[in-house]
Structure formats: C-alpha cells, structure tokens
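Contents: one structure, followed by commentary.
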Amino acid sequence: MSVSNSVDSSPHKSRREQQFCAHIDSIKKQLQSGQLNEAKCIAAFDPILDTFRKSDSELLLCEICDLFLFVFSHENRSHFFDTRDLLQLLVTKLIVRQTSLKSQLKLLKCIKAILKVKESDFANINSNLVLSLVNKVNEQQSARIVEKIDSDNEDIMTEISWSRVVLNTVRILKHIISGRKLENIEKLLNNILGFLKFYIFYGLPGYIVNKAHIGPLYASHLNQYIPDEMANSSPNEKKQKSQKRRKQRKKKFGKNDDADDREDEIDVLSSNEFNKGTTTPSDSEQSASEYVNQSPINLRPILKQSNAKIRINSYECLCCIVQQAEKKFIFGYWSSFIPDNSGVGTTEFSVLTSILKDPTLKARRIALCFLREMLISGKHFVLTLAEEKRNHSKHPFTTLSQTLASMITEIHRCFYLLLFAETNTDVLLQALKCMSTLISVTPYNRFDSGLLTTLLNKSICLLNCERQVQNSCLALFITAFSLRPLPNEFVNWSNSEGNQHIENLLNFCFEKTSSMESIVLCNESLTFLSTFLASNISHKSLSLTKVMNLAINISSHELALINPVIQSNFFKNPRLGFKVHPNAL
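Below is the structure:
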C-alpha cells in the first residue's frame, strides 16, 4: 500500500464490522451514563483488545482507537487498561502495519493521549519507541518524495493528511522530552535532531524537501577539543537550573499542547467521534465532505496552518532538548543550526532563516527562544574560545575560534536585519531578550569593532515603542553597561556617536522614574541608572545633584514606601553617585 494514502471514504461495512461498531457505541454510552462498574468495564475491553491485536480491518482499527481516545479523555477511566502494554501495542500497529494516513493519525493520537494521562506510568520511555517513531516518519517522507517526483503532483487532501501525521509525531516527541521521560537523551541526539531539523523549515517558501537531508544529524568537530572540566557544571548548579527550567517548561508547553488538541477537533481526517455520550456521525461526515468538495485553493490555508504548527512544535521540542542535554553534546550541533558565513547566494536554511523569514509570528518567536537556549547552553564555550582576528587568514585552515566567531557575527547581523523589519511586539520582546543574552556571552574585545555598537545604535529607537518594548530595550542596555571589562568599542562609542544616545537614555530614565507611570518601567529605569553609575562612564547629563534630586522626588511617592525593588534601587543610586562623584557637592 502506498504511504501517501489520501483520506479514506467510508468503506462498505461487513455484518461483523457493523455489529462490532454497534457494540463499541453501546460501551461508550454505558460509560458515559455510569452503568458499567470497573469489573464489567475490564471484562468488556478484553475482547476489544483481542480484536485490535488480530484484526486487519482499517474500519475496526479506527473505531477502537476512537474508543481509546474516549476512555483516556477521562483520567479516572484510564486504569481500565494496562497502559504500558497498550502503548507497546499501538506502536507495534503503527510501525509494523501498512495503514492509511487516517489510521496512522488515530494511532498517534492514542499514543499521545496515553502519555498525557498516565504520566506516572512512564517515568522512563524505552528509547527504541522514540527511534521507531522517528524512523517510521523518515521512511514515509522519503517514499513520499519519490512518489511526488514520479507523479509530479499530489492531492491536496493527502498533503493535509500527511501534515497532520507529522504534527502529531512531533507532539509525541515533545511530550516525552519535555516531561523528562527519556533516559540518556544524548544517545538519540543524532536521530532526533536530524528529524526535527528537517521539519523546522517544513512549508517555508523556498524550502525544497527533496533536496533536504532526511536522517540522523551528526555532531561537528566543535565539541571535540573542549576539556571535560570546561563542559561540566557543578552538580548543585546543574540541579538548580534543571528544576527551574522544568517548571518553566510545564507552564509553557502544557497549555500549548491542550490548545493544539482543541484545534485538531476540526481536523479534516476526523471520523465519528463521541461527544457527551452521543455519537455524531452526520456532523463529522458532513465536515469531511465539505473539505473534500472544496477547491484546492480553499484548502491551501489549512495546509499552511498545519505546516506552521509542525515548525512551531519542532522548535519547542528543540528547546526542551537543549535544556536537558549535556552542554558539550549540544555545542557539537551548533554548526547544524547556526551558519558561520553570510550565505550570500546559498539556499541553505538555518535558525536565522526562521527568525527573519518565517511568515508565522509564533514560529519566529519560538525560533528566537531556541537560539537563546543555544546561546545560554554554549555561553562558557563562546566566552572562552571565540576570537575574531585578521591574522587568522594566514592559516591554511579555519580554526575553532574563528568558526565560533563567524557564527556569533552572523547572529549579530541577523538581529540587525530583524530590528529593521520586525513590527510584531511579541517577536520584538523575544528578540530583545535574545539580544541581551547574545551581548552577555560575546567577548567583544576579541572581535572586530562595530559588532556591539551597531546593535545599540539600532535598538535605541525602540524606546519610542509601547511600554513592554521600552522595558526590554532598557534591559538590553543594562546588559551592555554591565559588561566587565567594558569592551573598548563600547567605551569609544560612549565618547563619540553614542554620546547622544546615552543622553536620550538618561533623560528617558529620569522622566519615567519621576512620573512613576509604570512601576516596572520605574524599576528598570532605576536599575539602568545604577548600572550606568557603576560603569564609571561619565556624562554631562548625569551629576550627583541630579541623582539626589531624583531620589528626593521618588521619596515623595507612596509607591516608594511599599515597593522593595524601588527602595533597593532608590538607595543604590545616591550611594553610587557619591562613589563616582565624591567631590560633586
């Protein structure tokens, strides 16, 4: 059977299949009404499981999967099955049998539902399960590419069906990895990262799938020369970071996955689903027929939306991997995601391509999150190894330091272009956060001048945007003025072209602090003023008298008496003012 089966029309039911479907509907209604106790439920499910193991009927497979989904939609009913055995059975059906895309989607949704409901039963997932899912989709994708080349066209419904299969596979991976259910994730990095890299660009304009690499992704030479003591964090530090990131992941990805499930309720592949104790075959069949009768032009937006979800979920999965895997291992894959040259005239895709060119706002934002996680993970390596010197050109080879420096330079270039084009607030906020991380990890004194100041010159105009962007922009400049030692180019900039920018920053901070329109902006402005004073950079707009007047003005506000952050920054500024200008009074 072809791996690119389109959505099946309702097959002719045999007498046995009709009886079995009626039996399943009866069980659903009895479960909904509470007529079946636990013993009767277990007894009723035994023959269903036996049929599921032995039957080759596509119709029965889908009906039984619908029953599983109904059961696992209520956590108090999930004990009717041995979930580990059922999970293995579902995976076996998915891997071994040649099923239609519709059946594959049903099986994948069942696997995802089991993993979500019975988290405690899956503290450790067998790595072979993950590898089997990845290899199955890779094989099908390769076969689809060959079929598409031979036929030169493909039904739009088939493309949508395949897109949903890939999407649910990625969601299963994300759920397993984000829940830390996979032991020794480093052993599967090649396969998982290769799989995800293929799909983070899926559906982007200009991305040709038959030219992209399908299969494992192997680490480069970047991590081969790093001493173990440089790569390893202390156990306490590693544990604290792990606990903190785990909380962030649950908050971030759990909500998104539930929302994705609700959106899948309008899936063009959905069959008769049970809702509130009643089956509604007419509704689902009507919905499917509406899609079938639509022209390909009307279905294109649905395909684009599904492909965008694939890219978003793939990046979310990559973020989880970077947070969990050893830093040294992740560092070896930098060159697979971050380019080390401007790429003029090349069609190679990278995370920077997603940041600059992905038409989906959420995809651009999550790509920035992934880049930030990569920078945080590789911070120590970049600070220690990256160096951009002109005399490197004398070497007959590209050194590790120069390769790293080229990557960092390309990231700076990407953000410079992003600040020109991006208008969405959410993306800008994530970009500023990522830029702050980039500035904190870059050893600018070992780079050619202009890298940092170019970004600062372009960022200053964001102070005219809305309040959230203003706050993040101030945080960016706080990071820049917190660098120790201050980069030479930064000191020169502050005494020349940056002088006016600094004056604008100081005036902005004085205004926001005096007015106290926003507590967040007031705190950030005070933090910037104290950071600026601590940097020992002098400026005509900032004197001890002005600092003291500001302090007196703040003390007259009631907010200063009840907000501990304002109090801390309130006392820090005069103290630093006396330190920097001891003879000012």
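Residues in the sequence shown are numbered consecutively from 12, following my numbering.
Positions of the beta carbon are idealized from the N, C-alpha and C atoms, including for glycine.
What you are looking at is a predicted structure, and each value in this text was computed from that prediction instead of being measured.
Exposed or buried, what is residue i when buried is set at 16 or more other beta-carbons lying within 10 Å of its beta-carbon?
i	result
H85	exposed
P58	exposed
K120	buried
S507	exposed
P246	Caution is warranted here: a pLDDT of 41 is assigned to P246, below 50, making its placement in the model unreliable, and the coordinate value is therefore given only provisionally. Classification of P246: exposed, given that the 10 Å Cβ count is below 16.
T180	buried
In terms of residues, what are the limits of the alpha helix (DSSP H) holding residue i?
i	result
S470	462-470
G224	The identity of residue 224 in the sequence shown is His, whereas the question assumes Gly. That residue, H224, is in no alpha helix (DSSP H); it is neither H nor E in DSSP.
E74	69-83
H391	390-396
E49	49-65
D96	94-107
S44	26-44
L342	Going by the sequence as given, residue 342 is Phe instead of Leu. Note, F342: alpha helix (DSSP H), 338-342.
S554	Where S554 is concerned, there is no enclosing alpha helix (DSSP H), given that its DSSP letter is neither H nor E.
A545	530-545
M418	411-432
Y229	First-last for Y229: undefined, no H or E at that position.
L440	436-452
T364	362-368
R495	Element bounds for R495: n/a, residue is neither H nor E.
M168	167-189
G214	No alpha helix (DSSP H) holds G214; DSSP gives it neither H nor E.
N515	509-526
N202	200-210
F348	345-348
L112	112-128
When you measure from the CB of residue i to every non-hydrogen atom of the ligand NAD, does any distance come out below 6 Å?
i	result
S325	Of ligands this structure carries none, so the ligand NAD is not represented either.
State the Cα-Cα distance for the pair residue i and residue j, rounded to the nearest angstrom.
i	j	result
C598	K117	Look at the range of the chain in this structure, 12 to 596, and you will see that residue 598 is not part of it.
S325	T94	26 Å
R26	D61	19 Å
F212	V177	13 Å
T521	T542	Residue identity differs from the one stated: residue 521 is Phe in this sequence, not Thr. Near 14 Å, if we compare the C-alpha coordinates of T542 and F521.
N309	K315	11 Å
I188	K339	19 Å
F348	Y455	22 Å
A299	V128	Its pLDDT being 43, under 50, A299 is placed unreliably in this model, and the coordinates cannot settle the point.
T395	L411	11 Å
V393	L474	30 Å
V480	N518	17 Å
A374	F56	42 Å
N137	K390	32 Å
F31	D166	32 Å
Q413	I422	14 Å
C476	I323	27 Å
S365	R376	9 Å
L199	L439	34 Å
S169	K208	Rather than Ser, the amino acid found at residue 169 in this sequence is Thr. Cα to Cα, T169 sits roughly 23 Å from K208.
N201	A416	25 Å
W345	T420	14 Å
K185	L142	14 Å
L485	V558	18 Å
A154	L228	20 Å
L47	K39	10 Å
F539	T436	22 Å
C472	E359	32 Å
N16	S111	At N16, the pLDDT of 43 sits below 50, so the modelled position is not reliable and the matter cannot be decided from this model.
E3	L382	For residue 3 there is no data in the structure shown, the boundaries of the chain being 12 and 596.
F342	S231	9 Å
Could you work out which residue in the options is closest to residue i when comparing CA atoms only?
i	options	result
S114	C330, I136, S172	S172
L537	D36, S325, N324, N482	N482
L430	M446, T420, M418	M446
C425	E384, G509, K368	K368
A223	Y229, A230, G205	G205
V643	K198, R478, N435, N195	The requested residue 643 is not part of the displayed model; the chain covers only 12 to 596.
I106	N146, R64, R376	N146
V333	R155, E197, I321	E197
R495	I548, K192, S470	I548
E384	T436, C328, L428	C328
K469	L497, N48, E433	E433
I513	S546, S44, H550	H550
S529	F83, D96, N574, S493	N574
N221	T180, E158, R182, N195	E158
I387	Y427, E359, P350, C330	C330
T464	L363, K444, N499, E150	N499
Worksheet item: Can we say the stretch 458-469 touches the stretch 496-506, given the rule of at least three CB pairs closer than 8 Å?
Response: yes
Worksheet item: Does the stretch 489-501 come within contact of the stretch 519-528, defined as at least 3 CB pairs closer than 8 Å?
Response: no
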